[in-house]
Amino acid sequence: MPPVVFPLDSTKKFTDQRIVGHNRWHGEIPAQVHVSPGDVFRVDCREWFDGAIHNDDSAEDVLHAPLPGVHVLSGPIAVEGAKPGDLLIVDILDVGPIPQEDSGPLAGQGWGYTGVFATQNGGGFLTEWFPDAYKVIWDFRGGTATSRHIPGVSYTGIVHPGLMGTAPSAALLAKWNAREQALIDTDPGRVPPLALPPLADSAILGTLTGADFDRVAAEAARTAPPRENGGNQDIKNFTKGTRVFYPVFVDGANLSMGDLHFSQGDGEITFCGAIEMGGFLDLHVDLIKGGMDTYGVSENAIFLPGNTDPQYSEWLAFSGTSVTLDGQQHYLDSHLSYQRACLHAIDYLTKFGYSRIQAYMILGSAPIEGRLSGVVDIPNSCSTVYLPTAIFDVDVRPSASGPEQVAPGPSVPTASF
Ligand code: ZN
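Be aware that the sequence shown starts at 0, since it is given in numbering that gives the first Met the number 0, and climbs by one per residue.
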């Protein structure tokens, strides 16, 4: 095992750890870990809600989830010699759940969860149709996920970090804050909101204290969206074997990471989220001096996807177009057409005995493929969602004999305001 440069004690809260990480982006959060190009090291990561979501049969914890406290990130990690304009190479050598045999209280100890927020808390991709809070618990065994809340489905994990990135410079942070506030200002009362402005409440900023803490907390960006520094990209193919090239904006690059997922479908449509868990990342880092210019990589990270993938080769695909359910035509709206493809798949799975929320949870957490199949054929974009047929106990392909039914019984814990 490589040296653990960012350890976490599972029995303690994130803020009580020997090294306290952070939950906002800001270039002045001090790096407490220093590594050199060529180093191999391990980073422990806490599940994104720091243990607030429990292995039980109630969705009350998702309904009342401590939203201002996310995401709890491990870092910043300074890389010796990294300067603005460089590209930071990060290799994911290994990634997995908390290495502990017994099932414990924290997500990652043999189990994880998929949640959907209530609309008032941000909802999810399909919040119009699923307005409440929902939670599903998954058990991990031999690399496979099954749930006591969803019958007849099991699949191989595609373990990856949802979030990793470098710290922004002051100028880049100011740009983020300006453009996101401008968007919020177009409809400040919207539920769910258009974006999340800086929020001092529940900010965790490593070793910062006093006036520095207050100033940085008022400016620092929230961790929900992906941005130029990488961030919460939620790319399911960030598995073992991935090599990412991050733009460097501050001295040392100040790399941070978290939000580990046991599995996820393209889009992480459930939002809270994939199959969430705590765990570890084994990383190797290196630098390409001046690489941002050399390769024209300044807008965002580029990456070589991981070399581990579940072995699914047969798929049942659903398509959607950019027309709303009540028949309104939109112009090449791929967000809408992907919603329609997902709703199409959900409706279909109900014919096999799944509830609609069970089907939604499967789409958010299983290794489904989402694709922009057509983006030019005015006025309809075409998006598709591919479901691996082998994850279902019953044959979900259409046939003359009609849909076989999954075992009845389990239901999804639900809670509402
Ligand atoms: Zn996540």
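Every residue, glycine too, gets a C-beta built ideally from N, C-alpha and C.
Residue i versus residue j - alpha carbon distance
i: T320; j: Y385; result: 15 angstroms
i: A181; j: K174; result: 11 angstroms
i: V4; j: G188; result: 43 angstroms
i: N236; j: F270; result: 17 angstroms
i: L195; j: E275; result: 21 angstroms
i: R226; j: A252; result: 15 angstroms
i: G164; j: M256; result: 7 angstroms
i: A30; j: G74; result: 7 angstroms
i: Q327; j: A117; result: 26 angstroms
i: D265; j: L342; result: 15 angstroms
i: Y337; j: D346; result: 14 angstroms
i: Y330; j: N379; result: 6 angstroms
i: T44; j: G114; result: Contrary to the premise, residue 44 reads as Cys rather than Thr in this sequence. Computed Cα separation, rounded: 19 angstroms.
i: R242; j: P167; result: 21 angstroms
i: T388; j: W314; result: 5 angstroms
i: G369; j: F317; result: 10 angstroms
i: T185; j: P192; result: 11 angstroms
i: L66; j: A51; result: 10 angstroms
i: G122; j: G278; result: 26 angstroms
i: W413; j: I149; result: Residue identity differs from the one stated: residue 413 is Thr in this sequence, not Trp. Using only the alpha carbons, I get a separation of about 13 angstroms.
i: A417; j: W47; result: This structure gives no information on residue 417, because the portion of the chain shown stretches from 0 to 416.
i: Y353; j: S382; result: 23 angstroms
i: N228; j: R339; result: 31 angstroms
i: D332; j: P36; result: 43 angstroms
i: A273; j: A81; result: 32 angstroms
i: P407; j: T349; result: 12 angstroms
i: I234; j: S400; result: 38 angstroms
i: A106; j: P160; result: 14 angstroms
i: H25; j: N176; result: 11 angstroms
i: I356; j: Q16; result: 37 angstroms
Buried versus exposed, by CB contacts within 10 Å (16 or more), residue i
i: F155; result: The question names Phe, but residue 155 in the sequence shown is Thr. Label assigned to T155: buried.
i: K11; result: exposed
i: R23; result: buried
i: L303; result: exposed
i: M0; result: exposed
i: N306; result: exposed
i: E127; result: exposed
i: Q310; result: exposed
i: P104; result: exposed
i: H33; result: exposed
i: V375; result: exposed
i: G205; result: buried
i: F416; result: exposed
i: Y294; result: exposed
i: V190; result: exposed
Where residue i falls: helix, strand or coil (DSSP)
i: I136; result: strand
i: F212; result: helix
i: D265; result: coil
i: D250; result: coil
i: H33; result: strand
i: T226; result: Reading off the sequence shown, one finds Arg at residue 226, where the question assumed Thr. Reduced to three states, the DSSP call for R226 is strand.
i: P150; result: strand
i: W110; result: strand
i: W128; result: coil
i: I18; result: coil
i: D90; result: strand
i: Y337; result: helix
i: Y245; result: strand
i: Q357; result: helix
i: W175; result: helix
i: I287; result: strand
i: L342; result: helix
Beta-ladder partner(s) of residue i, from DSSP
i: L62; result: Beta-bridge pairing links L62 to no other residue.
i: P387; result: W314
i: M256; result: S73 and M163
i: S382; result: G319 and L371
i: T143; result: R140 and T155
i: G95; result: F279
i: F270; result: V115
i: T413; result: Y133
i: I301; result: F244
i: R396; result: Paired residue(s): none; R396 is not in a bridge.
i: R41; result: V3 and D281
i: L362; result: DSSP output for L362 lists no bridge partner at all.
Whole-number beta carbon distance between residue j and residue i, since they are thought to touch under 8 angstroms
i: S262; j: S364; result: 6 angstroms
i: V69; j: T222; result: 7 angstroms
i: P2; j: F40; result: 5 angstroms
i: G20; j: I203; result: 7 angstroms
i: F248; j: P83; result: 6 angstroms
i: G109; j: D138; result: 7 angstroms
i: P246; j: A300; result: 7 angstroms
i: L72; j: L162; result: 7 angstroms
Mind listing, in chain order, the residues whose beta carbon lies closer than 6 angstroms to a non-hydrogen atom of the ligand FMN? By its list of ligands, the structure shown excludes the ligand FMN, since it contains just the ligand ZN.
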